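A.B. asks: All the letters of the sequence shown, read from the start, carry residue numbers 21 to 180 under my numbering.
In this text, a Cβ means the ideal position worked out from N, Cα and C, and glycines have one as well.
Since the model is a prediction, treat every value here as computed from it, not as a measurement.
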Amino acid sequence: MTADQVIIRRALASEADAIADLYVASRRDASAFIPTVHTDDETRAWVSRYLVPRLEVWVVESAGILLGMMALEDELVDQLYVAPAAQRRGLGDRLIAHAKKLRPARLRLYTFQHNTPARRFYEARGFVAIEFNDGSHNEEHEPDVLYEWKGASASTAHKI
Ligand SMILES: CC(C)(COP(=O)(O)OP(=O)(O)OC[C@H]1O[C@@H](n2cnc3c(N)ncnc32)[C@H](O)[C@@H]1OP(=O)(O)O)[C@@H](O)C(=O)NCCC(=O)NCCS
């Protein structure tokens, strides 16, 4: 896979099942860091009825194969998952770079405090932890951390 072969584009409604499969596989592979509270069928229903139709969902594909997904809701990166076999090849980086281009002022996201690989990934891309929560506001009841990235336009605006 070369960089040229990778395409980032909006998800199609017809891809909800493929996106759900990727999401489930990626979360299962990261189960040491991400607790599971829903069955696969519940997740599939949530992806097709809520995630894809309601949020701004982007996918990364290569040679027609779905390798990663990202869901944005305003300035929040609500979901970011790369297929286990496609991780550590720069696809997550491409998706986050795309999100920064779409929301150049600011991005925010939550991740679990225990998800050290994801935290390292975000911190290496300029995200700063701004709030630590005890987990009472997420359905996994797992302590999480709110990260923020501020783009150049945000810091310039503050200086004026
Ligand atoms: C977190 C996640 C989205 C990152 O996606 P990814 O495609 O693996 O990300 P990248 O390949 O761009 O970068 C991951 C690491 O691989 C490294 N890397 C990138 N290309 C590489 C290559 N060719 N060879 C070796 N390492 C490489 C990057 O430098 C990065 O290291 P860092 O985390 O220390 O900065 C992905 O691991 C994932 O889906 N995890 C499980 C689900 C999850 O935790 N999601 C986040 C929930 S908030």
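(1) Of the choices Tyr142, Ile54 and Glu62, whose alpha-carbon is the least far from that of alanine 119?
(2) Compare the C-alpha of alanine 36 against each of Arg74, Thr59, Ala50 and Pro55 and name the closest.
(3) Quick check on leucine 32: buried or exposed, where buried means 16 or more other Cβ atoms within 10 Å of its Cβ?
(4) When DSSP builds the beta bridges, which residues end up paired with arginine 88?
(5) For threonine 59 and phenylalanine 147, what's the separation of their Cα atoms in angstroms?
(6) Taking Cβ positions, are alanine 112 and leucine 100 nearer each other than 8 angstroms?
(7) In this structure, does DSSP put aspartate 164 in helix, strand or coil?
(8) Work out the CA separation of isoleucine 27 and aspartate 164 for me, nearest whole Å.
(9) With distances taken from CA atoms, which of Val97, Arg30, Val57 and Pro104 is nearest aspartate 41?
(10) Output yes or no for whether 8 angstroms exceeds the beta carbon distance between isoleucine 150 and leucine 166.
(11) Relative to ligand 1, is the shortest distance from any of its heavy atoms to the C-beta of phenylalanine 152 smaller than 7 angstroms?
(12) Ends of the alpha helix (DSSP H) at glutamate 62?
(13) Classify isoleucine 85: buried if its beta carbon has 16 or more other beta carbons within 10 angstroms, exposed otherwise.
(14) Indicate the three-state DSSP secondary structure (helix, strand or coil) for arginine 128 in the structure shown.
C.D. replies: Checking against the coordinates, here is how it stands:
(1) Tyr142
(2) Arg74
(3) exposed
(4) Looking at the sequence shown, residue 88 is not arginine but glycine. Its beta-bridge partners are Val80 and Val102.
(5) 31 angstroms
(6) A quick correction: the sequence has glycine, not alanine, at residue 112. For glycine 112 and leucine 100, yes; Cβs fall inside 8 angstroms.
(7) strand
(8) So the alpha carbons of these two residues sit roughly 31 angstroms apart.
(9) Cα-wise, what sits closest to aspartate 41 is Pro104.
(10) In this structure, leucine 166 lies closer than 8 angstroms to isoleucine 150 by Cβ.
(11) Shortest gap from the CB of phenylalanine 152 to any heavy atom of ligand 1: 7 angstroms or more.
(12) Following the DSSP letters along the chain, one finds glutamate 62 inside the alpha helix (DSSP H) bounded by residues 60 to 66.
(13) That one is exposed.
(14) strand
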